[in-house]
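Number of protein chains: 2
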Amino acid sequence: MSSDGKAQTVAPQEEINEDFLDEGGIGGNTRWYTDTVTGAELADYAPVKGCMVIRPYGYALWENIKKALDDMIKETGHSNAYFPLFIPESFLKKEAEHVEGFAPECAVVTHGGGKKLEEPLIVRPTSETIINYMFAKWVQSWRDLPLLINQWANVVRWEMRTRLFLRTAEFLWQEGHTAHATAEEAEDEARTMLECYRKLAEDWLALPVLTGEKTERERFAGAVRTYCIEAMMRDGKALQAGTSHFLGQNFAKAFEIKFQSQSGQLEFAWQTSWGVSTRLIGAVVLGHGDEKGLILPPRIAPIQVVIVPIYKSDVEKETVLASARSLEQELAKAGIRTHLDDRDNYTPGYKFNHWELRGVPVRINIGPKDISNGVVEIARRDDKEKMRGVSRDGLTETITNLLETVQKAIFERALKFREENTVKAQTYEELKSILKEKSVFVEVFWDGSSEDEGKIKDECKATIRCLPFALNHEGAPKGKCMYTGRETSRKAIFAKAY
Amino acid sequence: MSSDGKAQTVAPQEEINEDFLDEGGIGGNTRWYTDTVTGAELADYAPVKGCMVIRPYGYALWENIKKALDDMIKETGHSNAYFPLFIPESFLKKEAEHVEGFAPECAVVTHGGGKKLEEPLIVRPTSETIINYMFAKWVQSWRDLPLLINQWANVVRWEMRTRLFLRTAEFLWQEGHTAHATAEEAEDEARTMLECYRKLAEDWLALPVLTGEKTERERFAGAVRTYCIEAMMRDGKALQAGTSHFLGQNFAKAFEIKFQSQSGQLEFAWQTSWGVSTRLIGAVVLGHGDEKGLILPPRIAPIQVVIVPIYKSDVEKETVLASARSLEQELAKAGIRTHLDDRDNYTPGYKFNHWELRGVPVRINIGPKDISNGVVEIARRDDKEKMRGVSRDGLTETITNLLETVQKAIFERALKFREENTVKAQTYEELKSILKEKSVFVEVFWDGSSEDEGKIKDECKATIRCLPFALNHEGAPKGKCMYTGRETSRKAIFAKAY
Chain A
179 MSSDGKAQTV APQEEINEDF LDEGGIGGNT RWYTDTVTGA ELADYAPVKG CMVIRPYGYA
239 LWENIKKALD DMIKETGHSN AYFPLFIPES FLKKEAEHVE GFAPECAVVT HGGGKKLEEP
299 LIVRPTSETI INYMFAKWVQ SWRDLPLLIN QWANVVRWEM RTRLFLRTAE FLWQEGHTAH
359 ATAEEAEDEA RTMLECYRKL AEDWLALPVL TGEKTERERF AGAVRTYCIE AMMRDGKALQ
419 AGTSHFLGQN FAKAFEIKFQ SQSGQLEFAW QTSWGVSTRL IGAVVLGHGD EKGLILPPRI
479 APIQVVIVPI YKSDVEKETV LASARSLEQE LAKAGIRTHL DDRDNYTPGY KFNHWELRGV
539 PVRINIGPKD ISNGVVEIAR RDDKEKMRGV SRDGLTETIT NLLETVQKAI FERALKFREE
599 NTVKAQTYEE LKSILKEKSV FVEVFWDGSS EDEGKIKDEC KATIRCLPFA LNHEGAPKGK
659 CMYTGRETSR KAIFAKAY
Chain B
179 MSSDGKAQTV APQEEINEDF LDEGGIGGNT RWYTDTVTGA ELADYAPVKG CMVIRPYGYA
239 LWENIKKALD DMIKETGHSN AYFPLFIPES FLKKEAEHVE GFAPECAVVT HGGGKKLEEP
299 LIVRPTSETI INYMFAKWVQ SWRDLPLLIN QWANVVRWEM RTRLFLRTAE FLWQEGHTAH
359 ATAEEAEDEA RTMLECYRKL AEDWLALPVL TGEKTERERF AGAVRTYCIE AMMRDGKALQ
419 AGTSHFLGQN FAKAFEIKFQ SQSGQLEFAW QTSWGVSTRL IGAVVLGHGD EKGLILPPRI
479 APIQVVIVPI YKSDVEKETV LASARSLEQE LAKAGIRTHL DDRDNYTPGY KFNHWELRGV
539 PVRINIGPKD ISNGVVEIAR RDDKEKMRGV SRDGLTETIT NLLETVQKAI FERALKFREE
599 NTVKAQTYEE LKSILKEKSV FVEVFWDGSS EDEGKIKDEC KATIRCLPFA LNHEGAPKGK
659 CMYTGRETSR KAIFAKAY
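Chains as they are written, first to last, in this note's numbering: chain A, 179 to 676; chain B, 179 to 676.
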């Protein structure tokens, strides 16, 4: 990369590759991950430090995820809107915890139109401040509430150690921002959106998730409570896949979002915010993939079925391609996202690998013998099962049902994996020795402090992923905190995380 | 805005209003425009100089426009992808004309993560440079071509004089970027996408447009040829609604996009780029609106039908609301975007104005008498026609047909307006006196230079909007250039423009 005029770029590719290396050897198959993401053409390294290019196949995956979530966001009464990319520096400073959390990772615009700006502008790391400034203009009366807004946008957080999709300086996401008349309504909203995220993860991405609350240490900067969905990756590590925050009145007070209540009093609004990002693509890659590459859940797969024609002679080719094309049309007509790989310069074997790497859920092979027998061969990506002699009659229905079966199977496989890799620990020594051996979810009684969490992170590289709702319900059994020994009913999941 | 803690913002609202004032008094109803855009809640001023907030109603309009165009972009074989927001400063400088065109309006990031950057980053004003850097990596052989990519993104151009939707520092758009093996293919592509833009404008936005080529003076910085669609607004001024560029090999040479041709030679790719933006919303406002506010074409209207229940007593209210709700469901089921305005604290008269300002194509009034007679009252927004006693039976079909009728009527009205406001001029004196009197499209023979165009702009505030295809076909008649007097077959449209 020296003689081709590209030397002046901010970050030549070799250098970026370093950047995307595993964070301090915490674990995980970094090489497998980046090879899969780039090999399957989901994304590529950009010539700007820490940034990525989302390639068409990755973007189509994102569009499918986005569509599924956008429908849920609208069904639950929210409207999309768009707010400025730039935030005046003074805005960010209005909420004390917020600025502390985000200031270190901001990108700052100091010049515009050839001149130095009077006040620097921050490229939004999240939009609480600018959106709440507008909310203060729009909200006057209880009749203006609830105000339920969502934004699909790019945000920038200057990260030192980046990894494609999982942690990049710029990423795409949605961020919901709402204002309510009461704390209860805002709390309900935060939980409603967490439930949408759970559905998105489990029903669409086929990723079982723990839902729960974050501890104070892992809370969003400026939130009263942070809820999250946490998924287990194939290496046993956790990945935070979405968060939903009950903000209380913190931002309402900072930005003076006041309304006249039904009883005529002036009150501060209660708020939430919630977001998921292109990180979900990383979750799908790491949550389902195997040694051959991606395994995509059919409901979000850009291509659900690939047809590979198999022929030797030109005569065979003509017959086989004609049959493959008619099948392609038949499946497409039924709403199945189908691709016919009619490239002439690759062997069937090459094509099998090509589409396996890309995680296409179902492959159909058609050869001359199949045609004369009125059958096709079907190969599943998830369990690699091959079904020979599947009748060509009613194939659309067969495939439709198979895609549903595969969707469920991928979810069940991930759930089983998580269950097999979740253990309990009674003492800190036990936790340490478990996590030293391998990455798993460790369920413990927990009554420690934020400081205790910090110490454990330093020693084990593990954090509390959440206090799962399922383990922290009313009347849950008590036990001794694995760290402090104090009796508590609070349960936490510790794990190493992406 | 002094006692509420908002004084530290970059641009308090009063100041921004100044910013959005008409550019040097060229003409047009600035006050009407901003009152309509803000009153209809399409957009609001942002607390960042030159930026806007797209409110839910405006964003829903954008989503409908986006969906229509995105479908066309995909049908014509393109894939969506996403490239970084930031462009290394050195990239922008690689194509000489390009940097000259965009450098004066760039926003520059100089600091990231608390440190000064080694090389400043430009917030993309358009993505030719960074996308073509990637194309150079991806394109090796003729088999990799054509490469047909589109991106939906935000871009930033630091404008001195801004106006909501029409000219803002940040705006949303799509930008297509393609690479081809031959000049002919690239030329075809540029024309194909222009045709998509024409369809979007005429079939969806109900805006008749002239299609044609820009003169050298108005060409995109770095393009060999720029094609455009130009619409006439209700004040007779022109609005450039979309452009499609044949880039030749300019960027391919700057970024070394080379491929091995079928005959084995190393060649530079031929390229195009094309874009439309949220400016289209401004075009819809100015292209159709009247004294009551917006007039939205049904195919893109966020709400196609609003139902206003009319009642006095509580008993009436119950009956009328029940009937209105069942109608709402019936219409929604048929895919008609319907809203029932059941607010109790506003009069029907207030609601009529409210929805007229927002340009909802069809309003249905339902009162107690209507219900007993099995009818409703329908009011069209476009021609203000009222239809009383419309049968409740088969109303869904009536409305479906009416929406089609309204869509066509809005287009026809705009077309008639343009035709009535297009005149011919033989001499420059004639052009001057026409444009002094009012804003119209002026058709002239044109053989002048870029310098001549500049002089005319200074004197008349008018520019060549395009050399329309319809007037510049093979065998078109000849005449004398209105400025130079030289004989030519080239025809141009002069107009004042947004």
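Cβ coordinates follow ideal geometry from the N, Cα and C atoms, glycine included.
Neighbouring residues, chain A, relative to residue i (Cβ below 9 Å)
{"i": "residue 677 of chain B", "result": "Outside the modelled stretch of chain B, which goes from 179 to 676, sits residue 677 of chain B, for which no answer is possible."}
{"i": "residue 338 of chain B", "result": "291"}
Within chain A, partners of residue i - CB distance below 8 Å
{"i": "residue 484 of chain B", "result": "Here the premise fails: no neighbours, minimum Cβ distance about 16 Å."}
{"i": "residue 301 of chain B", "result": "263, 287 and 301"}
Under 7 Å by beta carbon: chain B residues contacting residue i
{"i": "residue 282 of chain A", "result": "291 and 292"}
{"i": "residue 311 of chain A", "result": "225"}
{"i": "residue 528 of chain A", "result": "Under the 7 Å cutoff, chain B gives no residues; its nearest Cβ is about 14 Å from residue 528 of chain A."}
{"i": "residue 275 of chain A", "result": "The premise fails here: residue 275 of chain A is roughly 18 Å from chain B at the closest Cβ pair, so nothing lies under 7 Å."}
Within chain B, the residues that residue i reaches when beta carbons sit closer than 8 Å
{"i": "residue 233 of chain A", "result": "259"}
{"i": "residue 237 of chain A", "result": "257, 258, 259 and 260"}
Integer-rounded CB distance, given that residue j should sit under 8 Å from residue i
{"i": "residue 367 of chain A", "j": "residue 358 of chain A", "result": "6 Å"}
{"i": "residue 308 of chain B", "j": "residue 261 of chain B", "result": "5 Å"}
Residue i (DSSP reduced to helix, strand or coil)
{"i": "residue 610 of chain A", "result": "helix"}
{"i": "residue 316 of chain B", "result": "helix"}
{"i": "residue 410 of chain A", "result": "strand"}
{"i": "residue 330 of chain B", "result": "strand"}
{"i": "residue 222 of chain A", "result": "strand"}
{"i": "residue 602 of chain A", "result": "strand"}
{"i": "residue 572 of chain B", "result": "coil"}
{"i": "residue 675 of chain B", "result": "strand"}
{"i": "residue 309 of chain A", "result": "helix"}
{"i": "residue 230 of chain B", "result": "strand"}
{"i": "residue 666 of chain A", "result": "strand"}
{"i": "residue 369 of chain A", "result": "helix"}
{"i": "residue 579 of chain B", "result": "helix"}
{"i": "residue 338 of chain B", "result": "coil"}
{"i": "residue 525 of chain B", "result": "coil"}
{"i": "residue 507 of chain A", "result": "helix"}
{"i": "residue 250 of chain B", "result": "helix"}
{"i": "residue 650 of chain B", "result": "coil"}
When the options are compared against residue i, the one with the closest alpha-carbon
{"i": "residue 456 of chain A", "options": "A:252, A:590 and A:351", "result": "A:351"}
{"i": "residue 342 of chain B", "options": "B:220, B:528 and B:389", "result": "B:220"}
{"i": "residue 346 of chain A", "options": "A:385, A:411, A:222 and A:264", "result": "A:222"}
{"i": "residue 560 of chain B", "options": "B:620, B:551 and B:581", "result": "B:581"}
{"i": "residue 526 of chain B", "options": "B:500, B:504 and B:495", "result": "B:495"}
{"i": "residue 337 of chain B", "options": "B:280, B:622, B:398 and B:213", "result": "B:280"}
Inter-residue Cα distance where the pair is residue i and residue j
{"i": "residue 577 of chain A", "j": "residue 243 of chain A", "result": "22 Å"}
{"i": "residue 381 of chain B", "j": "residue 403 of chain A", "result": "49 Å"}
{"i": "residue 285 of chain B", "j": "residue 330 of chain B", "result": "20 Å"}
{"i": "residue 511 of chain B", "j": "residue 642 of chain B", "result": "48 Å"}
{"i": "residue 520 of chain A", "j": "residue 541 of chain A", "result": "14 Å"}
{"i": "residue 276 of chain B", "j": "residue 648 of chain B", "result": "30 Å"}
{"i": "residue 472 of chain A", "j": "residue 303 of chain A", "result": "30 Å"}
{"i": "residue 327 of chain A", "j": "residue 227 of chain B", "result": "23 Å"}
{"i": "residue 431 of chain A", "j": "residue 267 of chain B", "result": "40 Å"}
{"i": "residue 637 of chain A", "j": "residue 657 of chain A", "result": "24 Å"}
{"i": "residue 460 of chain A", "j": "residue 311 of chain B", "result": "25 Å"}
{"i": "residue 148 of chain A", "j": "residue 476 of chain A", "result": "Since the first residue of chain A shown is 179 and the last is 676, residue 148 of chain A is not available in this structure."}
{"i": "residue 255 of chain B", "j": "residue 673 of chain A", "result": "45 Å"}
{"i": "residue 597 of chain A", "j": "residue 589 of chain A", "result": "12 Å"}
{"i": "residue 239 of chain B", "j": "residue 661 of chain A", "result": "55 Å"}
{"i": "residue 259 of chain B", "j": "residue 234 of chain A", "result": "5 Å"}
Closer than 7 Å at the beta carbon, the chain A residues around residue i
{"i": "residue 210 of chain B", "result": "Chain A residues near residue 210 of chain B: none, gap ~22 Å exceeds 7 Å."}
Neighbouring residues, chain B, relative to residue i (Cβ below 9 Å)
{"i": "residue 222 of chain A", "result": "312, 315 and 316"}
{"i": "residue 306 of chain A", "result": "Ordered by position in chain B, no residue passes the 9 Å Cβ test against residue 306 of chain A, which lies about 14 Å from the chain."}
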